[in-house]
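Using the numbering used here, you'd call the opening residue of the sequence shown number 128 and step up by one each time. Glycine is no exception: its CB is placed at the ideal position from the N, C-alpha and C atoms.
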Amino acid sequence: MQSPFWNVNRPAAVPADINVPKTAAETASTTSRLMEVLDSNNHGNVHGGVIMRMVDESAAIVAIKHSRRPVVTKRIDQFTFIAPAYIGDVVHIHCQMNYVGRTSMEVGVEVMAESLGTGELRRICSSQVVYVALDENRQPTPVPPLQATTPEEHNRIQRAKAKRDRILQLEKELDAEFK
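In structure tokens form, the structure reads like this:
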């Protein structure tokens, strides 16, 4: 079944060559949006769910650019709000690839709110979102590797890999416990 991701009104998609590494800079993305009344509660704070949806959509852009495939969200790691966003703020979602496995990709996300009246920038939250690339049959499919271009990127990739290994081990232990 053809995925609705590839619609007839755009050029045919070409999946990324899984043998050609990509850098985090090639697929990084920033999404910005003005927060409006419909995004907020009765106190003028932007709903956390609005921010979470923006994060998922923005991080998916990075995963799709990396794989040139449709993706599904597998996991959103720790999502702690440390400051509010308000009506009239511009929320900026900065995303870049942290780690790439065989079919999965972890995208790092930082969310900032900008007060247009003062120029003040506030850090709202950060998170990591894991996506799985899908083939035409909606099955997991391999993606290109991630190539570090700086020592900082290399360290970020190694930290994300170590975290992934810990999560997989924990999932294995939980599966055994509930059998």
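Taking all protein chains shown into account, do 16 or more other C-beta atoms lie within 10 angstroms of the C-beta of residue i, making it buried, or fewer, making it exposed?
i	result
isoleucine 220	buried
serine 159	exposed
glutamate 233	buried
asparagine 225	buried
threonine 157	exposed
Relative to the ligand ADP, is the shortest distance from any of its heavy atoms to the C-beta of residue i smaller than 6 Å?
i	result
threonine 230	The model depicted lacks the ligand ADP and carries no ligand whatsoever.
Quick one: Cα of residue i to Cα of residue j, how far?
i	j	result
histidine 193	leucine 273	9 Å
glutamate 153	lysine 306	43 Å
isoleucine 214	glutamate 241	11 Å
aspartate 308	aspartate 204	Since the first residue of the chain shown is 128 and the last is 306, residue 308 is not available in this structure.
glutamate 247	leucine 161	15 Å
glutamate 184	arginine 291	22 Å
proline 324	histidine 170	Any property of residue 324 remains undetermined from this structure, which presents the chain solely from 128 to 306.
cysteine 222	serine 254	10 Å
valine 189	valine 236	10 Å
phenylalanine 208	alanine 287	21 Å
isoleucine 294	arginine 202	11 Å
On the DSSP bridge assignment, give the partners of residue i in chain order.
i	result
valine 256	Ile203, Val234
lysine 149	Leu273
histidine 219	Ser159, Met239
valine 198	Ala260
serine 248	The question names serine, but residue 248 is leucine in the sequence shown. Leucine 248 pairs with Glu241.
proline 267	Leu261
methionine 224	Val234
valine 173	Ser167
Using C-beta distances below 6 Å, list every residue in its chain close to residue i, excluding the 5 sequence neighbours before and after it, in chain order.
i	result
threonine 276	Thr150
Got a sec? Which residues, its chain only, sit under 8 Å from residue i by beta carbon, not counting five neighbours each side?
i	result
glycine 244	Gly215
valine 217	Ser159, Arg160, Leu161, Met162, Ala240, Glu241, Leu243
threonine 200	Asp183, Ala187, Val256, Val257, Tyr258
methionine 179	Ile203, Phe206
Flag residue i as yes if its beta-carbon sits less than 7 Å from any beta-carbon of chain B, otherwise no.
i	result
asparagine 146	In the displayed structure, chain B is absent; only one protein chain is listed.
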